[in-house]
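Chemist: With mature numbering (1 follows the signal peptide of the UniProt record, and there is no 0) applied, the sequence shown covers -22 to -1, 1 to 315. Positions of the beta carbon are idealized from the N, C-alpha and C atoms, including for glycine.
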Amino acid sequence: MARSWVTRIVLACLLALPGVGAAQSANVREDVVPTPARSAGYVVHTFGSRFMAGAVDWQDERTANFQWFRGRFFGYPPLDRSAVSQAEREEGVVLGDSRRANYGIATAAPAKDGEGWVGVAFGGGAYIEAQLRFDPAASRDAPQKGWPAFWGMAIEHLAALPAEQWPGQPQGYQRFIEVDIFEYDLTRFGLPEAWYGSALHDWYGHYQHTCTTGYCHHSTAMPDVRMKPAPATDFNRFHKYGFLWIPATAHTPGRAQFFFDGKPIGKPASWDHLTDRMPELEMRSAGFSVLDRNHLVLILGSGRAQPMTVRAVDVWQASDAANLVCGAAASKGCGKN
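(1) With VAL62 and GLY74 assumed to form a contact (beta carbons below 8 Å), what rounded beta-carbon distance in angstroms separates them?
(2) Does the separation of the CB atoms of ALA104 and GLN295 fall below 8 Å?
(3) Pairing CB atoms from the stretch 266 to 273 with CB atoms from the stretch 147 to 162, are three or more of them under 8 Å?
(4) When burial is assigned at 16 or more other CB atoms within 10 Å of the CB, is SER297 buried or exposed?
(5) Within a Cβ cutoff of 8 Å, which residues of the same chain sit near ILE243, ignoring the five residues on either side of it in sequence?
(6) If you run the structure through DSSP and keep just helix, strand and coil, what is SER263?
(7) Give the single residue among ALA299, LEU276, ASP292 and VAL291 whose Cα lies nearest to the Cα of GLY97.
(8) Going by C-alpha to C-alpha distance, which of VAL291, ASN214, VAL303 and GLU142 sits closest to ALA33?
(9) DSSP three-state call for LEU178: helix, strand or coil?
(10) How is ASP119 classed by DSSP in three states: helix, strand or coil?
(11) So, using beta-carbon positions, are GLU69 and GLY220 closer together than 8 Å?
(12) Return helix, strand or coil for SER60, following the three-state DSSP convention.
(13) Could you check the C-alpha separation between VAL11 and THR188 for me, to the nearest Å?
(14) Buried or exposed, going by whether 16 or more other CB atoms sit within 10 Å of the CB of MET286?
(15) When the distance is taken between beta carbons, is GLY232 closer than 8 Å to ALA127?
(16) What are the boundary residues of the alpha helix (DSSP H) that includes ALA15?
(17) Less than 8 Å between the beta carbons of THR165 and SER117, yes or no?
(18) Suppose you measure from the CA of ASN301 to the CA of GLY101; what does that come to, to the nearest Å?
(19) Thinking C-beta only, is HIS196 closer than 8 Å to ALA226?
(20) Give the single residue among ALA87, GLY281, PHE266 and GLN109 whose Cα lies nearest to the Cα of THR198.
(21) Does the pairing of the stretch 43 to 50 with the stretch 255 to 264 give three or more beta-carbon distances under 8 Å?
(22) Exposed or buried, GLU212, counting other C-beta atoms within 10 Å across all chains shown (16 or more means buried)?
(23) By a C-beta neighbour count over all protein chains shown, 10 Å radius and 16 as the cutoff for buried, is VAL6 buried or exposed?
(24) Nearest-angstrom Cα distance between GLN37 and SER60?
(25) Which value, in whole angstroms, describes the spacing of the CA atoms of GLU171 and PRO209?
(26) Whose C-beta lies closer than 8 Å to the C-beta of residue 316 among residues of the same chain, with five residues either side of it excluded?
(27) DSSP on ASP239, reduced to helix/strand/coil?
(28) How many Å lie between ALA18 and TRP181 at the Cα?
(29) Nearest-angstrom Cα distance between TRP(-18) and GLU134?
(30) For GLN109, which residues in the same chain have their Cβ closer than 6 Å to its Cβ, ignoring the five residues on either side in sequence?
(31) What number of angstroms, rounded off, separates the C-alpha of ALA65 from the C-alpha of GLY82?
(32) Can you list the beta strand (DSSP E) stretches of 3 or more residues lying completely in the stretch 270 to 307, in chain order?
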């Protein structure tokens, strides 16, 4: 992973720009600290989006003035303009077919000049929450090439930063985190419509070499992926999907817990302090620990004929000190993608 923390460059001057690293015109109710966040001491509202005017980079400009970007990493084309729109008669946006593995809009994007990236990635622990609604019947009937989703991935991997290298391993041996806070994809396995998926994935190795199917991974066990709200839950109404992340220390394990409408759902995960041991040893007790070194880019997306409305996304932390914030003017300091 990271040979040093050099890539953790926090550009504090950018925090004053509208739409980056700060709650967007939050009213009193929006600034009430959620119980899961307060329980961890996360009382600073470092990111709040109600998708008001100026929040989404509609024209794919990729400057630090926006909270959400259509531009995408991995060489993907920008999200089609028709696949995201302002919600009618309510706050929020509507996501259509992302076409690229539920990768629609995100809090970071590659810079237009190809040098680095723009946006924000969250580090050091957080409580992350989105308010979403969708029609489960539409997802059940649509081809399962994409589905309503709210997830995060390490900027270290998205932007191919030096910090995705696993220290002590051969050059090109990567390690990075993916956090699937919400995915409505379990119906493709014949599971009940009232369930949805949440999972952690600790990816590592040389792509398609260490493990021939892609990256090797330490992931949430399949039975534990299944989140089971009350059977009468109506997904056509807004619900809150949350993720609490508490980093490990030398004396306490790291912890993660998913939430539904402010209450814990599914089994908690834990890990030992990151030590960069050999992969087989690290995964035994410190699988998922790379999350503590990584910085999460938040991503929203959906599949064909499965519109998802997003009313709000919020991040609560102890402070914004561990976040990475990059703008086009400072892209050289944020690494190349």
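Modeler: Based on what the coordinates show:
(1) To locate residue 62, count along the sequence shown from 1; it is residue 84. To locate residue 74, count along the sequence shown from 1; it is residue 96. Contact between VAL62 and GLY74 holds, since their C-beta atoms are separated by about 7 Å, short of 8 Å.
(2) Sequence index remark: in the sequence shown, residue 104 carries index 126 (1-based). Sequence index remark: in the sequence shown, residue 295 carries index 317 (1-based). It is a contact, given that the beta carbons lie within the stated cut-off.
(3) Using a C-beta cut-off of 8 Å, the stretch 266 to 273 makes contact with the stretch 147 to 162, since at least three inter-stretch Cβ pairs fall below that distance.
(4) The count along the sequence shown starts at 1 and reaches residue 297 at position 319. When all chains shown are included, SER297 counts as exposed.
(5) Residue mapping note: residue 243 aligns to position 265 of the sequence shown, counting from 1. Taken in chain order, the residues that qualify are SER176, MET205, LYS206, PRO207, PHE236 and PHE237.
(6) Here residue 263 corresponds to residue number 285 of the sequence shown, with the count starting at 1. Under the three-state reduction of DSSP output, SER263 falls in the helix class.
(7) Counted from its first residue, the sequence shown places residue 97 at position 119. Comparing Cα positions, the closest option is LEU276.
(8) Here residue 33 corresponds to residue number 55 of the sequence shown, with the count starting at 1. When VAL291, ASN214, VAL303 and GLU142 are compared, the shortest CA-CA separation from ALA33 is found for VAL291.
(9) Your numbering for residue 178 matches position 200 in the sequence shown. Here DSSP, grouped into helix, strand and coil, assigns LEU178 to strand.
(10) Counting from 1 along the sequence shown, the entry for residue 119 is found at position 141. Helix at ASP119.
(11) For the purposes of this step, residue 69 is taken as residue 91 along the sequence shown, with counting starting at 1. For the purposes of this step, residue 220 is taken as residue 242 along the sequence shown, with counting starting at 1. The answer is no: Cβ separation not under 8 Å.
(12) One-based indexing of the sequence shown puts residue 60 at position 82. The answer is helix: DSSP assigns SER60 an H, G or I state.
(13) Numbered from 1 along the sequence shown, position 33 holds the residue referred to as residue 11. Numbered from 1 along the sequence shown, position 210 holds the residue referred to as residue 188. VAL11 and THR188: Cα-Cα distance of roughly 43 Å.
(14) In the sequence shown, counting from the first residue as 1, residue 286 sits at position 308. Buried, since its Cβ has 16 or more Cβ neighbours within 10 Å.
(15) Against the sequence shown, residue 127 aligns to sequence position 149. Against the sequence shown, residue 232 aligns to sequence position 254. For ALA127 and GLY232, no; Cβs fall outside 8 Å.
(16) On the sequence shown, position 37 is the one that residue 15 refers to. Note, ALA15: alpha helix (DSSP H), 13 to 17.
(17) Here residue 165 refers to the residue found at position 187 when the sequence shown is read from its first residue. Here residue 117 refers to the residue found at position 139 when the sequence shown is read from its first residue. In contact: THR165 and SER117 (Cβ atoms closer than 8 Å).
(18) Locating residue 301 in the sequence shown gives position 323, where the first residue counts as 1. Locating residue 101 in the sequence shown gives position 123, where the first residue counts as 1. Taking the Cα positions, ASN301 is about 5 Å away from GLY101.
(19) The count along the sequence shown starts at 1 and reaches residue 226 at position 248. The count along the sequence shown starts at 1 and reaches residue 196 at position 218. Their beta carbons are not under 8 Å apart, which means ALA226 does not touch HIS196 by this criterion.
(20) Here residue 198 is taken as the residue at index 220 of the sequence shown, counted from 1. From the listed residues ALA87, GLY281, PHE266 and GLN109, the smallest Cα separation to THR198 is found for PHE266.
(21) The answer is no - the stretch 255 to 264 does not touch the stretch 43 to 50, with fewer than three Cβ pairs under 8 Å.
(22) In the sequence shown, the residue the question calls residue 212 occupies position 234. Rather than Glu, the amino acid found at residue 212 in this sequence is Asp. Within a 10 Å sphere around the beta-carbon of ASP212 sit fewer than 16 other beta-carbons, which makes this residue exposed.
(23) Walking along the sequence shown from the start, residue 6 turns up at place 28. In this predicted model, VAL6 has a pLDDT of only 34, less than 50, meaning its place in the structure is not dependable; the value taken from the coordinates is given anyway. With a 10 Å radius around the Cβ and a threshold of 16 neighbouring Cβ atoms, VAL6 comes out exposed.
(24) The residue labelled residue 37 in the question sits at position 59 within the sequence shown. The residue labelled residue 60 in the question sits at position 82 within the sequence shown. Going by the C-alpha atoms only, they are around 12 Å apart.
(25) Within the sequence shown, residue 171 is the residue found at index 193, counting from 1. Within the sequence shown, residue 209 is the residue found at index 231, counting from 1. Between the alpha carbons of GLU171 and PRO209 lies a gap of roughly 9 Å.
(26) The chain is shown only over -22 to 315; residue 316 falls outside these bounds and no answer can be derived.
(27) Position 261 of the sequence shown holds residue 239. The answer is coil: DSSP assigns ASP239 none of H, G, I, E or B.
(28) Along the sequence shown, one-based indexing puts residue 18 at 40. Along the sequence shown, one-based indexing puts residue 181 at 203. If you take the alpha carbons of ALA18 and TRP181, they lie about 26 Å apart.
(29) Here residue -18 refers to the residue found at position 5 when the sequence shown is read from its first residue. Here residue 134 refers to the residue found at position 156 when the sequence shown is read from its first residue. In this prediction, TRP(-18) scores a pLDDT of 31, lower than 50, which makes its location untrustworthy; the coordinate-derived value is nonetheless stated afterwards. If I take the Cα positions, the gap works out to 12 Å.
(30) Position 131 of the sequence shown, counting from 1, holds the residue named residue 109. Cβ neighbours of GLN109 beyond the five flanking positions: PHE216, LYS218, ARG289 and ALA290.
(31) Along the sequence shown, read from residue 1 onward, the residue named residue 65 stands at position 87. Along the sequence shown, read from residue 1 onward, the residue named residue 82 stands at position 104. One C-alpha to the other measures close to 16 Å.
(32) For the stretch 270 to 307, whole beta strand (DSSP E) runs of length 3 or above, ordered along the chain, are 274 to 279, 286 to 295 and 302 to 304.
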